[in-house]
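One structure is given here, and the rest of the page talks about it.
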Amino acid sequence: MSKPHILQMGQLPEWDQGPLNDAYQVHRYFDAPDKAAFLAETGPQVRAIATRGDLGASADVIAACPALEIIAVYGVGYDAVDLAACAARDIAVTNTPDVLTDDCADLALGMWLALSRGIVPAEGWARSGDWAAKGGFALQHRACGKRAGILGLGRIGMAVGQRLQGFDMQIAYSARAPKAGCDDWRFIADATALAEQSDVLFVTLAATPATRHIVNAGVLDALGPDGLLVNISRAQNVDETALLDALEQGKLRGAALDVFEGEPKLNPRFTALDNVLLQPHHASGTFETRRAMGQLMRDNLTAHFAGHPLLTQVQ
Ligand code: 8YV
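In case it helps, the working numbering puts the sequence shown at residues 66 to 380.
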């Protein structure tokens, strides 16, 4: 029996590429020099798309695949998949939740601590010889025991909060509605009001059209000149121009960011700042988590083509 044809949107680790190649006729979109011509040639045969959270699948790509049945996302965020185009043709969409929650929450905490205590510049101070030549590193700011706001209390936001409890933080959160099981945490529906009550604001909510720029100039102003922002969600959730303005003008003490508009290229205004911690969208980037993400993505594809229920379907 011939292998189902799938369109692969981006590079995947070898431990996933091998099994995909064994099970499917894989068409590597990301390798095609002329992507329009490639889609015109291969699209009619494609029954599934394997993509990544950062790449998704546009309406144009979906339209070029008239036989498309499923889009399997390697990642928890599926905001880059055109969900309306999928719904119109009853194309299933799956993602890889849960398996990456802990590593994403761990990185968020690490980014916060590194930003608050100046761990990255302090490493340079020790390594460069400045410590010996110029004396002790500049005093930083205590991280623990302060007020933490969590914008979005999904799986990752909840895991961030559970970790923050170990740092004696006063925790507040914003979500569509109060969440069961976190009665010790204060529910504040409005992002600006949450920022006003926070020394550090963690942005952990899923990106949707409704959340675009939810962290705007008003939220940043409410967080204030002693405030810190940590974003491990999606760049679109933050008004990047307003953030850069606040950082440059001293209206925000610092920001730790794992996601950027136009990534992997960064706005050069970021690299000119010393009050930012820049990370290359690697919150899920551990061997353990990426192996689990790949397995779950492939398990969804396997289930689909076997006619079995999908494991983690989002629509
Ligand atoms: C990406 C992510 O999938 O889970 C997500 O939504 O943003 C990441 O894990 C990453 O681009 C994997 O390559």
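Backbone N, C-alpha and C fix where the C-beta goes; we use that ideal spot for every residue, glycine too.
Going by DSSP, G222 is part of the alpha helix (DSSP H) stretching over 220-230. Here G226 is near I215, since their CB atoms are less than 8 Å apart.
The way I'd put it, the segment 295-305 does touch the segment 324-336; three or more beta-carbon pairs between them come closer than 8 Å. Per the DSSP secondary-structure output, N296 pairs in a beta bridge with V268, L322. Apart from the 5 residues on each side of it in sequence, F335 sits with its Cβ closer than 8 Å to the Cβ of L309, L322, F325, V341, L343 in its chain, given in chain order. Separation of the CB atoms of D147 and I127 is rounded to 6 Å, and the pair is thereby assigned contact status at 8 Å. In this structure Q73 is buried. Its beta-carbon is surrounded by 16 or more other beta-carbon atoms within 10 angstroms. R154 and A357 have their alpha carbons spaced roughly 29 Å apart. About 7 Å separates the CB atoms of A208 and W177; that is less than 8 Å, so the two are in contact. In this structure, the CA atom of A149 is about 59 Å from the CA atom of G200. For T354, the enclosing alpha helix (DSSP H) stretches over residues 352-370.
In this structure, the beta-carbon distance from A145 to G183 does not fall below 8 Å.
Nearest Cα to S263 within the set A198, P290, M66: P290. The alpha-carbon of L376 is positioned some 13 Å away from that of G359. In this structure, A137 and L366 form a Cβ contact; the two beta carbons are roughly 5 Å apart against a cut-off of 8 Å. Not one heavy atom of the ligand 8YV is found less than 7 Å from the C-beta of V225. In the assembly as shown, N160 is a buried residue. Its beta-carbon has 16 or more other beta-carbons within 10 Å.
Where L104 is concerned, the enclosing alpha helix (DSSP H) starts and stops at 100-107.
Exclusion of Y94 from the 7 Å shell around the ligand 8YV follows from its C-beta lying no nearer than that to any non-hydrogen atom of the ligand. By the Cβ-count criterion, D233 is exposed, with fewer than 16 other Cβ atoms from all chains shown falling within 10 Å of its own Cβ.
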